[in-house]
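Going from the sequence shown to my numbering is simple: count from 1 and add 1360. Note that the Cβ used here is the ideal one computed from N, Cα and C, for glycine as well.
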Amino acid sequence: MDIKSDFSAQICVTPSDSLIAAARGDVPADLLIRDVQVADLLLGRIYPADVAIKDGWICGIGPGYSGVRELDGQGAILAPGFMDAHTHLESTCLTPSAITRAGPFFTERSPWYVIPMKLQTWPGSPG
C-alpha cells in the first residue's frame, strides 16, 4: 500500500460568492426557517432563532435574514448534524485574505470545506 497516495489528494473548496452574500444578509437565502427552536449542543441550551439556508448549507442563525421561501418553524426544534465542527484553519488551504473575506466563523467538513458564518448570529459569541 502506498501511504503517500492516500494523502496526496487534498481538495480545497472555498465558499461561493452567493453563499457568502447570503451569510452576510446581502441577498435572500434559498430558505428561511423563522422562529424555530435551535438546539445549541455546545452551550447546552435551546433558543428561538431564524435559520437561513443557501445552496443546501446553513449560512446564518439569527435575525436580519430573508428567504426566497420561508417556513414557520414555531413549535419545531432544529438540531445540528451531531458532527465535530471545530476547525483547524491551517488545514483549510485558504489564504488569510480568503478566510477574512468569508467571515469570522467556519465549520469544517471533510475534506476541509468551510462555510461562512456571521459573528453576531452565534449566542454567547464575543463582540
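From the options, residue whose alpha carbon lies closest to that of residue i
i: GLY1416; options: SER1457, LEU1379, ALA1409; result: LEU1379
i: ILE1406; options: THR1455, LEU1438, CYS1453; result: LEU1438
i: ILE1418; options: LEU1392, LEU1403, ALA1458, THR1455; result: LEU1392
i: ALA1383; options: CYS1453, ALA1458, TYR1425; result: TYR1425
i: VAL1398; options: SER1457, ALA1458, PRO1440, THR1455; result: PRO1440
Environment of residue i [buried if 16+ CB atoms lie within 10 Å]
i: ASP1377; result: exposed
i: GLY1420; result: buried
i: GLY1435; result: exposed
i: PRO1375; result: buried
i: VAL1428; result: exposed
Cβ distance (whole Å) where residue i is taken to contact residue j below 8 Å
i: ASP1410; j: GLY1422; result: 6 Å
i: ILE1413; j: ALA1381; result: In fact, because the Cβ distance is near 14 Å, the residues do not count as touching under 8 Å.
i: ASP1395; j: PRO1408; result: 6 Å
Continuous beta strand (DSSP E) stretch holding residue i: start and end
i: LEU1391; result: 1389-1400
i: GLY1427; result: 1427-1432
i: ASP1410; result: 1405-1414
i: GLY1420; result: 1417-1421
Limits of the alpha helix (DSSP H) - the one that residue i falls within
i: ALA1382; result: 1377-1384
Check: residue i C-beta below 7 Å from any heavy atom of the ligand GDP
i: LEU1438; result: Absence of the ligand GDP is noted for the structure shown, with no ligands found whatsoever.
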